[in-house]
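Novice: What follows is a single structure, and I will ask about it in a moment.
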Amino acid sequence: MLKAIENVRKTGIKIPLQFDLETGECYGNNASHFKSYVALLTRERCSIAKALWKHIPEGVKNAMWTDIKAIFVIPEFDDAKRNDHFKKIWFHYAAERWKDFKSRLTRTYITDPKPDDVPPYVKYPYIKKDIWEEFVKYRQTSDFK
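Going letter by letter, the sequence shown gives residues 1 to 145 in the UniProt record's numbering.
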């Protein structure tokens with residue numbers, strides 16, 4: 001996937017996608033690349049310290065959408081509401097991947113840590129140590145549990 005994205009950045013030729021225009025579902029040869037990129041971008045850009053997706057700033061989400069559209073051919077509709085709905089479908093997907101990632105971090109590093117595990121702020125360059133500590137602190141509160 002990363003090689004394909006690097007190639008897009010070099011050539012400017014976006015990766016074509018196929019969508020069901022009614023449901024927004026992506027299918028076909030590049031669907032897995034698209035979904036993986038959305039999930040990766042979400043992990044990199046959206047702080048795990050935020051409790052809920054709605055707390056992620058709109059500016060961050062809009063920048064992500066701009067980046068996605070720079071790499072992949074995303075349908076554009078004449079109707080702005082339809083464009084917004086399409087974007088909302090994929091942000092729902094991103095939110096689910098973000099939530100899954102935070103759950104995996106909690107399970108792996110907080111609930112059932114292994115003594116030889118490398119801390120996530122070492123394993124994932126986009127997780128800063130202070131953000132990780134804030135995440136752990138919140139995940140151990142009664143509000144979270």
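We treat Cβ as the ideally placed atom computed from N, Cα and C, and that holds for glycine.
A quick note: this is a predicted structure, and the numbers were derived from the prediction, not measured.
Can you find the residues in the same chain that come closer than 6 Å, C-beta to C-beta, to Arg44, ignoring five residues on each side of it along the sequence?
Specialist: Position 44 of the sequence shown holds residue 44. The amino acid occupying residue 44 in the given sequence is Glu; Arg does not appear at that position. If we look at Glu44 and ignore the five residues flanking it on each side, its Cβ neighbours are Tyr126.
Novice: When we look at the beta-carbon of Leu52 and count the other beta-carbons within 10 Å, is it buried (16 or more) or exposed?
Specialist: To locate residue 52, count along the sequence shown from 1; it is residue 52. Burial call: exposed.
Novice: Which residue from Asn62, Val73, Ala39 and Leu17 puts its Cα closest to that of Ala94?
Specialist: Your numbering for residue 94 matches position 94 in the sequence shown. For Ala94, the nearest C-alpha among the options comes from Ala39.
Novice: When DSSP builds the beta bridges, which residues end up paired with Cys26?
Specialist: By one-based count along the sequence shown, residue 26 stands at place 26. Beta bridge pairing from DSSP links Cys26 with Phe19.
Novice: Is Phe72 helix, strand or coil when you go by DSSP?
Specialist: Counting from 1 along the sequence shown, the entry for residue 72 is found at position 72. Phe72 falls in the strand class under three-state DSSP.
Novice: Can you tell me which of Ala4, Lys128, Pro113 and Thr106 puts its alpha carbon nearest to the alpha carbon of Ala31?
Specialist: By 1-based counting over the sequence shown, the position of residue 31 is 31. Nearest of Ala4, Lys128, Pro113 and Thr106 to Ala31, Cα basis: Ala4.
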